[in-house]
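To start, the structure itself, in structure tokens.
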Amino acid sequence: MSDVKNVVIIGSGPAGHTAAIYAARANLSPFMFEGYVMGGSAGGQLTTTTDVENYPGFPDGVEGPELMQLFRKQSERFGTEMVGEDVNEVDFSSRPFKVKSDNREVLAHSIIISTGATARRMGVPNEEKMWNNGMSACAVCDGALPMFRNQPLMVIGGGDTAVEEATYLTKFGSKVYMVHRRDELRASKIMQERAFKTPKLEIVWDTALEDAVGQDYVTGAKIKNLKTNEVKEVEVAGIFYAIGHTPNTSVFKGQVDLDATGYIKVKPGTQETSVEGVFAAGDVHDHKYRQAVTAAGTGCAAALEAERWLAEKSIG
Ligand code: NDP
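For what it's worth, our numbering labels the leading residue of the sequence shown as 1079, then goes sequentially.
Here you go:
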């Protein structure tokens, strides 16, 4: 069946593109659904970040979107076929596998799932109304907007992302509150130090966001001290969530085994999912490291495993 692709890669972050580079260089002519809406945008989470300082090979750091352009260029150079479409249905119950978007159905001998994860929301009462009217899950994407300039701003969360986003927002806001539900940060030591040292950044400990305040756009935040139960309103023009991620696996439910939190399960020490010939790489299966470089590493591993598997089946 010549119209069956050897490898279909779903997702275009560091995992997907590394898988594509390896599969293309192995003459497997990979086909990639880059995604469009699912997971925010093609290119994955690095397209919504600024400086990446921990990707090896870039001693002076590199902008996230630029790094993803470089990944994409390298996939393209070796002949990866790419379409900027979201996959909305898959059928892994029989071979060849079927992968569908709004525009096409592609048949595949093997699959690499690298759809990543999406920023979580809290679901406070005014969230829907205020979304994009002062509420956002990406300070790096939205923080430079005029509405936030010289205004007090708020970040929710206590991990590395929260510190990164709060620090970034101090460039624009008059003051940045980082509201964290506990009395110690989850962020790494180096990021904690950065948070403590950044002028204009105030950490509000043991506190939760109750709601966004405002008519048409955010003018304040209602927050609650979880130790004293005191509720108060703070004047802010923006509320930015940085409370972790949910894996982009809804389309794979019932097709491959997922864990209790929705991440794809792989056999220990491999990138193999519960379906033979279907592999997973990157944040979609990794809630532990979640780094661009680990995603790239597992993307490489998934492509090598797919190559080996196709060779065993005498395909490709
Ligand atoms: P994390 O899961 O590490 O942190 C999420 C934070 O949000 C935690 O502080 C958590 O609180 C808080 N939180 C979660 N749910 C809620 C809720 N419902 N209400 C209030 N607070 C909530 O996610 P990150 O996105 O920060 O980081 C993910 C991974 O990416 C990590 O491995 C991190 O190291 C890495 N990363 C590295 C960066 C770098 O090196 N430059 C930059 C950004 C991310 P609690 O602590 O109480 O659980």
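Virtual Cβ for every residue (Gly too), placed ideally from N, Cα, C.
Rounded to the nearest whole angstrom, the CA to CA distance from R1227 to L1388 is 54 Å. Around the C-beta of Q1229, 16 or more other C-beta atoms lie within 10 Å, and the residue is accordingly described as buried.
One residue list follows from the rule of a beta carbon closer than 5 Å to any heavy atom of ligand 1, given in chain order as G1235, G1236, G1237, D1238, T1239, E1242, R1259, R1260, R1264, I1321, G1322, R1368. The closest CA to that of G1347, considering only S1392, G1340, D1364, is found on D1364. A Cβ-Cβ contact shorter than 9 Å links S1153 with A1098. The C-beta distance from D1335 to T1351 rounds to 7 Å, short enough to meet the 8 Å contact threshold. Nearest C-alpha to T1276 among E1242, G1292, L1263, A1290: E1242. In the three-state scheme derived from DSSP, where H, G and I count as helix and E and B as strand, K1151 is classed as helix.
The distance from the Cβ of L1279 to that of T1248 is about 6 Å, consistent with a contact at the 8 Å cut-off.
Cα atoms of K1343 and K1178: separation of roughly 22 Å, rounded to the nearest angstrom. In this structure, the straight-line span from the alpha carbon of Q1123 to that of N1211 is close to 22 Å. Here the segment 1214 to 1221 does not lie against the segment 1303 to 1313, with fewer than 3 beta-carbon pairs under 8 Å apart.
Residue environment analysis places K1083 among the buried positions, since at least 16 neighbouring C-beta atoms fall within 10 angstroms of its C-beta. For the 9 Å CB-CB criterion, A1320 and G1235 form a contact. If you look at F1274, you'll find it isn't in any beta strand (DSSP E); it sits in the alpha helix (DSSP H) that goes 1267 to 1275. H1323 sits in a strand when the DSSP states are folded into three classes. D1129 is bridged by DSSP to E1141. Less than 9 Å separates the beta-carbon of M1213 from that of A1290.
For K1207, the three-state secondary structure derived from DSSP is helix.
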